[in-house]
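S.K.: Chains A and B, in that order, are what the protein sequence lines are. Heads up: the first sequence begins at 203 in this note's numbering, then just goes up one per residue. Heads up: the second sequence begins at 569 in this note's numbering, then just goes up one per residue. From the three backbone atoms N, C-alpha and C, an ideal C-beta is built for every residue, glycine too.
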Amino acid sequence: MSRLGPLLASGLLVLALGVKGAAAQEPTVTRHALSNGIVLLVRENPAIDVVAVSLQVRAGSHFETPLTAGITNFLQRVLLRGTIKRTFVQLAEASEDIGGGLDGGGEVESAELRGQALGRHWETLLAMIAEVALEPALPPQEIERERRLLLGQLKSRADSPFSFSLDSLSQDLYGPHPYGRYHLGLKENLERLTREDLLAHYRAIYRPEQMVLSVSGKIERERVVKAAERLFGRLARSGRTAVEEPPASAATGQRRVVERPAQQAQIMVGYLGPGLLDPLYPVARVLGAALGGGMAGRLFVELRDRRGLAYSTGVLPLPFRVGPTFFVAYLGTAPESLAAAEAGVVQELERVRSSPITADELARAKAYVLGQLSMERRTNGRQARDLAFFEIVGAGWDFPERYARAIEAVTVADLAKAAERLLTRPTIIVLQPSRR
Amino acid sequence: MSPARGVWPVLFVIFLLSACGVTRSAPPTEVARAPIRHVLSNGARVIVQDFRSSDTAAVQLWVRAGGRDEAASELGLAHYLEHMLFKGTTTRPKGFVDRDVEGLGGRMNAGTSLDFTFYHAVLPSQRVLATIEMLADIGVNSILDETELELEKKVVLEEMRLSEDTPGRHLSRQLWGVVFDRHPYGRPVLGTADIIQKLTRDTLLAFYRRHYVPESFALVVVGPVNAAEVLRTAERTLGRLPRSGLERLPGSTVGSLVPKRLEVQRPEALAYLGVGWLGPKLDHADTPAVDLLVSILGQSRSSRLPQSLRERLALVNSVSSDYAALEAGGIVTVTAQLEPANLARTEAEILAEIQRIRENGVTEAELRRAVTRAEAEHAFSSETAEGRARRLGQAETVWRLSEELAYLDRLRSVTADQVRLAARRYLDPERYGRLAFVPQAR
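Printed below as a string of structure tokens:
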């Protein structure tokens, strides 16, 4: 409820989330294997009376083809729409009765079902997630409802200039690689996929060998382990899903102008970057922060502060992806400033080679990234998601700790090398407002 | 809102201290202690809560100045000033946010609303005292440099364009204009391009001098901190400012709603619909009942409007209701994203659902669920220091801290009949403001 009046204008587009999280009593995480192979991660955190659960399956748009793109998210959404015991409304009411909610979807690297509740209801929540995951009904009427909503979401995404630009850039950066398609999928697939398709996909991906369950909050470890075994241990082993290697990414390295009605022009300059298991990944993240993280990134200082060319500009944080990530600088500006702004962004990205990131800039960028990392991870919801995510993609649940250490170790020489390797041959999307 | 009954029965008991003496009795094992409220001799207020779930602290400066304090000819001033406070003080050159906050792993931002403006930082707890000094400094010593002021105009005009390109949010803001009509709450907080282009340093400085005074300030600190130390630092900084004698004008009374229907052509492929009514102001006996009414109407998956319009009738992609209670008035809105062909029917069905509540009321299960939802929201927003600080600071600034701490109990005492009466009193299906964004003919 936003009873206490809204925030009508937020000052500077960088979102404030929190900071360094060396907790007074750092909650401990333990890893368990259920009898059927499902990995269970438990984080006891008595601080607040809440609990969060995440169940993730190794599936998602990374493993989809032009003919299936969108099927994982579609399936996940339909799973939440009814089990053999309860209808959609009953599930919604039951989850709200325990002070929480169920949600989920298929993203790029994993498919998730998640929920949160007041801590005292942890077992009810866990049982609901098990019911949704293991006793799905896929009711035909609910499939049609979800189909309509997903098609609406696709339209809505295209209505947002920023998302539209990012999706266009992804297509040009990745070409045939599945990362080139937004994980909501393709319209024609969402129109065509049948209940049988969804059921077959369910059977293909819901296998204990490729599932991770995580629980974080005010809970008792032993009781959670027992309950998880009872609730999730019944799913029979069936081996891993065979996956084909996706086609390689092929950035066009071109500049494409898209015209559409809008107030603001958008510029996005992208490069392919390292995957999260690549030693270059933390280096690229720090480089991104030095160029465009927060109020001291070069883009913000030069293009917003010195020249007033933008309200929002920066480098998007590298996404956590196993395959090639993207390194994307963005800027939104007035149509009449478009040429100057575009030249400015490209120039800043080029300049990093002739005038490399200094030791001071490096120290700031590291502090910025580390601050971001620990701030984001202070809620139980985020902790549960991260634990399951990094485990399921093969990085290990404790990846964030190792990642933080790798960030601390980055040197100016590393940055110079990374800039040399990454920031060549930009692929550019310019969204140019057309006359209304 | 305070946490669920029986969870931490004593943690939110409030201490109203008139002097510097700080009494605390909570045992050291607890994660959060009661917030301490302290009024400095010049009228500035300080709220501290010792909260030890992580090493992170939130430091916020709340100011009793916002869009409603602007004259009609100076719209956008409060927000513009908020931007300028990041541009340097007499002793702190521009770039201090980078050096003192981001460069040390923290974050800082600010927000402007109609009744208030606030500056918020989240950072490692050892930076708390330095951050209090910094916030006190920008609060009164910002230079509002002429060159920076001119440059920032382009930035704020960009912010307006960005806002216009975000249809859902833009609709909500415009709908406030329809419902509050000529009242200051109906004006754009960002101002207008015209006014911003002509803005001068003198106007800005006058607003700054008038409103950024000790009587307007509330400093809020939440985190693993020593309250006595925080209070000493507050005394030494904010406490040294001379009283200004400012008596802020109360928000002007909100008149009655003038029903209005507006339609705007937009570039999007989807349509956006908003309907709105005036609601009770924050300090009103009906606030909890309206809060629950709006929650039951459309704030969760199982609530009425999503169930009927999104699920059963398949008319909309999304629909939700909202209630904002401000110092001088309130507003209840319902907004939806939909295919343009469904506009008329959607509006009719929203009103029909409201009519059903006016006639038949809500069920005990709906009421209980809405209270649980409020309890859970409270618990989840208590996970972070800034979530707590924001609640405390906002209540201190536009309401009373004690009211905030007792609010969940007030919600629990609301009856189903009070919710029905609230619907009858506030949501007249014949008199409301309506705004639609429709795709322009291509």
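Let's see if you can read the secondary structure: which residues bound the beta strand (DSSP E) around residue 845 of chain B?
M.R.: That run of the beta strand (DSSP E) goes 839-847.
S.K.: Sorted by chain position, which residues of the same chain lie with C-beta nearer than 7 Å to residue 805 of chain B's C-beta, five sequence neighbours on each side aside?
M.R.: Cβ neighbours of residue 805 of chain B beyond the five flanking positions: 700, 701, 704.
S.K.: Give a yes or no on contact between the region 540-556 of chain A and the region 464-478 of chain A, applying the rule of three or more CB pairs nearer than 8 Å.
M.R.: Cβ pair count under 8 Å is three or more, so yes.
S.K.: When you compare each of B/889, B/627, B/649, B/710 to residue 694 of chain B by their alpha carbons, which one comes out closest?
M.R.: If we check each option's Cα against that of residue 694 of chain B, B/627 comes out closest.
S.K.: Can you find a CB in chain A that lies within less than 9 Å of the CB of residue 994 of chain B?
M.R.: No, its Cβ sits nowhere closer than 9 Å to a Cβ of chain A.
S.K.: Answer yes or no: does any C-beta atom of chain A fall closer than 9 Å to that of residue 746 of chain B?
M.R.: Answer no: the Cβ-Cβ gap between residue 746 of chain B and chain A never drops below 9 Å.
S.K.: What's the call for residue 380 of chain A, buried or exposed, on a 16-neighbour Cβ count within 10 Å?
M.R.: Buried is the call here.
S.K.: Between which two residues does the alpha helix (DSSP H) containing residue 622 of chain B stretch?
M.R.: Element bounds for residue 622 of chain B: n/a, residue is neither H nor E.
S.K.: Hey, how far is the Cα of residue 788 of chain B from the Cα of residue 965 of chain B?
M.R.: Roughly 11 Å between the two C-alpha positions.
S.K.: Cutting at 8 Å between CB atoms, please list the residues of its own chain near residue 600 of chain A, excluding the five before and the five after it.
M.R.: For residue 600 of chain A, where only same-chain residues beyond five positions count, the Cβ hits under 8 Å are 231, 592.
S.K.: Which residues of the region 605-626 of chain B have a Cβ closer than 7 Å to any Cβ of chain A? Give them in chain order.
M.R.: Listed in sequence order: 620, 621, 622, 623, 624.
S.K.: Three or more C-beta pairs under 8 Å: does that hold for the region 891-906 of chain B against the region 832-847 of chain B?
M.R.: Yes: at least three Cβ pairs fall under 8 Å.
S.K.: Please list, in chain order, all residues of the same chain as residue 235 of chain A whose beta carbon is under 8 Å from its beta carbon, the five residues on each side excluded.
M.R.: Once the five neighbours on either side are set aside, the close Cβ partners of residue 235 of chain A are 241, 242.
S.K.: Along the region 946-958 of chain B, where does the CB come closer than 8 Å to a CB of chain A? Name the residues.
M.R.: Listed in sequence order: 947, 948, 950, 951, 952, 953, 954.
S.K.: Could you tell me which whole alpha helix (DSSP H) segments of length 4 or greater appear in the region 767-807 of chain B?
M.R.: Qualifying alpha helix (DSSP H) stretches, in chain order: 769-779, 795-804.
S.K.: For the region 464-487 of chain A, list every residue whose C-beta sits within 8 Å of some C-beta in chain B, in sequence order.
M.R.: Answer set for the region 464-487 of chain A: 464, 465, 466.
S.K.: Along chain B, which residues have their Cβ under 7 Å away from the Cβ of residue 351 of chain A?
M.R.: The answer, in chain order, is 885.
S.K.: According to DSSP, is residue 651 of chain B helix, strand or coil?
M.R.: In the structure shown, residue 651 of chain B sits in a helix (DSSP, three-state: H, G or I).
S.K.: Quick one: list the residues of chain B neighbouring residue 514 of chain A, beta-carbon separation under 9 Å, in chain order.
M.R.: 726, 727, 730, listed in chain order.
S.K.: Quick check on residue 410 of chain A: buried or exposed, where buried means 16 or more other Cβ atoms within 10 Å of its Cβ?
M.R.: It is buried - the Cβ of residue 410 of chain A has at least 16 other Cβ atoms within 10 Å.
S.K.: Helix, strand or coil: how does DSSP classify residue 922 of chain B here?
M.R.: In this structure, residue 922 of chain B counts as helix in the three-state DSSP scheme.
S.K.: Count the other CB atoms within 10 Å of the CB of residue 368 of chain A; is the residue buried (16 or more) or exposed (fewer)?
M.R.: Under this definition residue 368 of chain A is a buried residue.
S.K.: Return the chain-ordered ranges of every alpha helix (DSSP H) run that is complete within the region 731-759 of chain B and spans a minimum of 4 residues.
M.R.: As far as the region 731-759 of chain B is concerned, its whole alpha helix (DSSP H) runs of at least 4 residues are 735-748.
S.K.: With a threshold of 9 Å between beta carbons, is residue 535 of chain A in contact with chain B?
M.R.: It does; some Cβ of chain B falls within 9 Å.
S.K.: Within its chain, find whatever has a CB closer than 8 Å to the CB of residue 1006 of chain B; leave out the 5 residues flanking it on each side and keep chain order.
M.R.: 831, 832, 833, 834, 839, 908, 911, listed in sequence order.
S.K.: Looking at the strands, I want to know which residues DSSP matches up with residue 355 of chain A.
M.R.: Residue 355 of chain A pairs with nothing; no bridge assigned.
S.K.: For residue 665 of chain B, return the contacting residues in chain A, with the cut-off set at a CB-CB distance below 7 Å.
M.R.: Neighbours of residue 665 of chain B on chain A, chain order: 497.
S.K.: Could you name the residues of chain B that residue 570 of chain A contacts, counting a contact when the two beta carbons are closer than 8 Å?
M.R.: Result: 670, 671, 673.
S.K.: Given this structure, state the Cα-to-Cα distance separating residue 871 of chain B from residue 882 of chain B, to the nearest angstrom.
M.R.: Approximately 15 Å between the Cα atoms of the pair.
S.K.: Going along chain A, which residues have a C-beta under 9 Å from residue 937 of chain B?
M.R.: Those within 9 Å of residue 937 of chain B in chain A are 295, 298, 299.
S.K.: Could you list which residues in chain A have their beta carbon closer than 9 Å to that of residue 809 of chain B, in chain order?
M.R.: By Cβ distance, chain A contributes nothing, its closest Cβ being about 23 Å from residue 809 of chain B, past 9 Å.
S.K.: Return yes when the Cβ of residue 953 of chain B is within less than 9 Å of the Cβ of residue 690 of chain B, no when it is not.
M.R.: Yes.
S.K.: Taking the DSSP output, what are the residues bridged to residue 688 of chain B?
M.R.: Answer is B/628, B/677.
S.K.: Please classify residue 311 of chain A as buried or exposed, where buried requires at least 16 neighbouring CB atoms within 10 angstroms.
M.R.: By the neighbour-count rule (16 or more Cβ atoms within 10 Å), residue 311 of chain A is buried.
S.K.: Any chance you could list the beta strand (DSSP E) runs of at least 3 consecutive residues sitting entirely within the region 216-292 of chain A, in chain order?
M.R.: The region 216-292 of chain A contains these whole beta strand (DSSP E) runs: 231-235, 241-246, 252-259.
S.K.: Residues of chain B with CB under 8 Å from residue 363 of chain A, in chain order?
M.R.: 733, listed in chain order.
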